[in-house]
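K.L.:
Using my numbering, read the sequence shown as starting at 24 and increasing by one per residue. Built from N, CA and C at the ideal position, the CB exists for glycine as well. My questions all concern the structure below.
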Amino acid sequence: MADSELTGESQPRWVAHIDMDAFFASVEQLTRPTLRGRPVLVGGMSGRVVVAGASYEARVFGARSAMPTTQAVRMCHGKAVVVMPRFSVYSAASQRIFDVLRERAGIIEQLSVDEGFAEPTQLRGATDEQAYQWALELQQAVEERTGLPASVGMAATKLDAKMTSDLGKPHGIKVVPVRKRLEIFGPRPVGELWGIGRVAQGRLAEVGVRTIGDFVAMDPADARSLLSSVGAEIQRMAAGDDPRPVAPRARSKQVSAERTLETDVRTSAEVWGYVEDAARAAHKRLLKDGRAARTITAKVRTNDFQIHTRSATLPAATDDFETIVAVARRVLPRPEKVGAIRLVGVGLTGLMDDRQELLFPELSNPAHGPDVVITSHTDESALGPLNARSAGAEMWHNTQDIVHSEYGHGWVQGTGSGVVSVRFETRSTGPGKTKTFAIDDPHLSAGNPLDSLDWELPDEDEELED
Numbered sequence: 024m025a026d027s028e029l030t031g032e033s034q035p036r037w038v039a040h041i042d043m044d045a046f047f048a049s050v051e052q053l054t055r056p057t058l059r060g061r062p063v064l065v066g067g068m069s070g071r072v073v074v075a076g077a078s079y080e081a082r083v084f085g086a087r088s089a090m091p092t093t094q095a096v097r098m099c100h101g102k103a104v105v106v107m108p109r110f111s112v113y114s115a116a117s118q119r120i121f122d123v124l125r126e127r128a129g130i131i132e133q134l135s136v137d138e139g140f141a142e143p144t145q146l147r148g149a150t151d152e153q154a155y156q157w158a159l160e161l162q163q164a165v166e167e168r169t170g171l172p173a174s175v176g177m178a179a180t181k182l183d184a185k186m187t188s189d190l191g192k193p194h195g196i197k198v199v200p201v202r203k204r205l206e207i208f209g210p211r212p213v214g215e216l217w218g219i220g221r222v223a224q225g226r227l228a229e230v231g232v233r234t235i236g237d238f239v240a241m242d243p244a245d246a247r248s249l250l251s252s253v254g255a256e257i258q259r260m261a262a263g264d265d266p267r268p269v270a271p272r273a274r275s276k277q278v279s280a281e282r283t284l285e286t287d288v289r290t291s292a293e294v295w296g297y298v299e300d301a302a303r304a305a306h307k308r309l310l311k312d313g314r315a316a317r318t319i320t321a322k323v324r325t326n327d328f329q330i331h332t333r334s335a336t337l338p339a340a341t342d343d344f345e346t347i348v349a350v351a352r353r354v355l356p357r358p359e360k361v362g363a364i365r366l367v368g369v370g371l372t373g374l375m376d377d378r379q380e381l382l383f384p385e386l387s388n389p390a391h392g393p394d395v396v397i398t399s400h401t402d403e404s405a406l407g408p409l410n411a412r413s414a415g416a417e418m419w420h421n422t423q424d425i426v427h428s429e430y431g432h433g434w435v436q437g438t439g440s441g442v443v444s445v446r447f448e449t450r451s452t453g454p455g456k457t458k459t460f461a462i463d464d465p466h467l468s469a470g471n472p473l474d475s476l477d478w479e480l481p482d483e484d485e486e487l488e489d
């Protein structure tokens, strides 16, 4: 619904869904002004590393999150800048965003580092014009406090609000009142409903259900038969019956993903691709959550409907995709032993904010018991900037935060042949200049990524370190 279509009609309830636009990449463009307006990919470049975030400039070329980084780089025709993830910076930005939301809405339900719900009490019985104005003021407040773009959706229920914010992207505000919901959502693909994944879409397509309107019009008994009780619940909410309150939620204890196979597989070679697909989906959810995982579980369901699981606990939490998929493959119950497999899943537990990859895992001694798996394949070039070597080492990592005693805070733009090029800039400086130094220049030292925000963060720093 465009601003010009707003009316003075009121409704009892308004739910807001705020979703930051290309969050990881936007934070990188905020703190590294030279990257503004350029295609940015957040991720690593080695092996099977996938994109954690893509700027809208990169999305124009078809690049997107969860895509292998090497593929995304090719799609951007050499114009993309690949930046190693800096989760401490994203966490600090997230905290500030949700502080703004709490100030304006009171109780909120945070879904991840970059999205959440609110149900402002001041909007009870408000008109769609008033809902739009509240959302506009929230969007402006977030941008003023953080410099980051957000999209806001306003609707009568949580499901509708989430779909509404998607319609407003990027950097937009969309209002869908009850009287307009079926007109707007009805023609949309059924896959846009929260909880309708690829398998469910396939089953619905087999009976001719392709849009949300088709799904709502189904006989509830058919929806339950095809998609079980969960599908029936989603159908009810898709019809507008979604009384779920906005309430603070406990942080998830796990993230996971499953893949149902079209045909049973009987060899390990056949199942590897499905393991990677499930690991990639779980990894995407892990990045969205903003934490790292210590325990990786592989699950299979055999054609006799028996479930088999095996897990491994790492010495330190990880959010590295290569590590996750390698461990999942290592512990996966093999079809040669358990029988033909019809479902594969990967679960990530032991979630924590701190993450620390092992630089030389092959030197570690797995002395913590049989559940510990050391992934000796991990490529050092895929590790984040906090694992970079010190200034006296042989090399710096590209995009690592760095400090010069005279020029201040910057980031590594390139390194090789005994020299390192550093661009000196932060959020508040505007595009900075690049200077080149010997890699062992005593005036260089590893920088704190949070300094690139150039915010006053005394309280936030303390919380992040706890």
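Per DSSP, what are the beta-bridge partners of V63 in this structure?
P.N.:
DSSP output for V63 lists V104 as bridge partner(s).
K.L.:
Looking only at its chain, what residues have a beta carbon closer than 7 Å to the beta carbon of P35, apart from the 5 residues adjacent to it on each side?
P.N.:
Excluding residues within five positions, the ones whose Cβ falls inside 7 Å are R147, G148.
K.L.:
Quick check on DSSP: helix, strand or coil for R36?
P.N.:
The answer is coil: DSSP assigns R36 none of H, G, I, E or B.
K.L.:
With 16 other CB atoms within 10 Å as the buried threshold, where does Q258 fall?
P.N.:
Answer is buried; the Cβ neighbour count reaches 16.
K.L.:
Considering W157, what are the terminal residues of the alpha helix (DSSP H) in which it resides?
P.N.:
W157 -> alpha helix (DSSP H) spans 151 to 169.
K.L.:
Am I right that K307 and S88 are in contact with their C-beta atoms under 8 Å? What's the rounded C-beta distance?
P.N.:
Indeed, because the Cβ distance is near 6 Å, the residues count as touching under 8 Å.
K.L.:
For the beta strand (DSSP E) holding A178, just list the boundary residues, first then last.
P.N.:
173 to 178 is the extent of the beta strand (DSSP E) around A178.
K.L.:
In the structure shown, what three-state DSSP assignment does I462 receive?
P.N.:
Note: I462 maps to coil in three-state DSSP.
K.L.:
Among T422, H420, Q133, whose alpha-carbon lies nearest the alpha-carbon of P492?
P.N.:
In the structure as shown, the chain begins at 24 and stops at 489. Residue 492 is therefore absent and cannot be evaluated.
K.L.:
Give, in chain order, every unbroken run of the alpha helix (DSSP H) that is at least 4 residues long and sits entirely within the segment 181 to 247.
P.N.:
Within the segment 181 to 247, the complete alpha helix (DSSP H) runs of at least 4 residues are 181 to 190, 204 to 208, 221 to 229, 235 to 240.
K.L.:
Quick check: what's the CA-CA separation for I425 versus V65?
P.N.:
Between I425 and V65, the C-alpha separation is close to 18 Å.
K.L.:
On the DSSP bridge assignment, give the partners of I330 in chain order.
P.N.:
I330 is bridged to R324.
K.L.:
Have a look at V288 and V199 and give me their C-alpha separation to the nearest angstrom.
P.N.:
Straight-line Cα distance between these residues: approximately 45 Å.
K.L.:
Between R333 and the ligand MN, is the CB less than 7 Å from at least one heavy atom?
P.N.:
The ligand content of the structure shown is nil, which means the ligand MN is not present either.
K.L.:
Take T150 as the anchor and find which of F460, R202, L182 has the nearest alpha-carbon.
P.N.:
Minimum Cα distance to T150 is reached at R202.
K.L.:
Taking the straight line between their C-alpha atoms, what separation do you get for L159 and P210?
P.N.:
Going from the Cα of L159 to the Cα of P210 covers about 27 Å.
K.L.:
Would you kindly work out how many angstroms separate the C-alpha atoms of S334 and R357, rounded to a whole number?
P.N.:
Distance between the alpha carbons of S334 and R357 is about 13 Å.
K.L.:
Just curious, the beta strand (DSSP E) that D287 is in, first and last residue?
P.N.:
Its beta strand (DSSP E) spans residues 277 to 288.
K.L.:
Can you give me the Cβ contacts of I235 inside the same chain, cut-off strictly under 8 Å, excluding the 5 residues immediately before and after it?
P.N.:
Excluding positions up to five away in sequence, the list reads F208, G209, P210, R211, P212, V213, E215, L216, A261.
K.L.:
Give the secondary structure of D300 by DSSP, where H, G and I count as helix, E and B as strand, and everything else as coil.
P.N.:
Residue state, collapsed to three classes: helix.
K.L.:
Which of the three DSSP states, helix, strand or coil, is assigned to Q423?
P.N.:
If DSSP states are grouped into helix, strand and coil, Q423 belongs with coil.
K.L.:
To which residues of the same chain is V298 closer than 8 Å at the C-beta, ignoring the five residues directly before and after it?
P.N.:
Contacts found: A321, V348, A351, R352, L355, V367, V369.
K.L.:
Pull the bridge partners of T318 from the DSSP assignment, please.
P.N.:
Its beta-bridge partners are T336, T372.
K.L.:
Kindly list the residues whose CB is nearer than 6 Å to the CB of G218, restricted to its own chain and excluding five residues on each side of it in sequence; keep chain order.
P.N.:
Excluding positions up to five away in sequence, the list reads I257.
K.L.:
Tell me whether the beta-carbon of S117 lies closer than 8 Å to the beta-carbon of D137.
P.N.:
Yes, these two residues count as a Cβ contact at 8 Å.
K.L.:
Taking the alpha carbon of K456 as the point to measure from, which residue in H466, I41, M186, G431 has its own alpha carbon closest?
P.N.:
If we check each option's Cα against that of K456, G431 comes out closest.
K.L.:
In the DSSP assignment, find the alpha helix (DSSP H) that holds I120 and state where it starts and stops.
P.N.:
110 to 128 is the extent of the alpha helix (DSSP H) around I120.
K.L.:
Give the DSSP-derived three-state secondary structure of R147 in the structure shown.
P.N.:
In the structure shown, R147 sits in coil (DSSP, three-state: anything other than H, G, I, E or B).
K.L.:
For P338, tell me which candidate among I330, E345, L284, R317 has the shortest Cα-Cα distance.
P.N.:
When each option's Cα is compared against that of P338, the closest is R317.
K.L.:
Where do the ends of the beta strand (DSSP E) carrying R446 lie?
P.N.:
That run of the beta strand (DSSP E) goes 442 to 446.
K.L.:
When the Cα atoms are used, what is the spatial distance from T332 to V278?
P.N.:
T332 and V278: Cα-Cα distance of roughly 15 Å.
K.L.:
In whole angstroms, what is the alpha-carbon distance linking V1 and V435?
P.N.:
Given that the chain is displayed from residue 24 to residue 489, the structure contains no residue 1 and the question cannot be resolved.
K.L.:
Assuming L374 contacts A115 (C-beta within less than 8 Å), just tell me the rounded distance between them.
P.N.:
L374 to A115, Cβ: 19 Å. No contact.
K.L.:
I'd like the span of the alpha helix (DSSP H) that includes F46, first residue to last.
P.N.:
That run of the alpha helix (DSSP H) goes 46 to 54.
K.L.:
Which two residues bound the contiguous beta strand (DSSP E) that contains V435?
P.N.:
Here the beta strand (DSSP E) through V435 covers 431 to 439.
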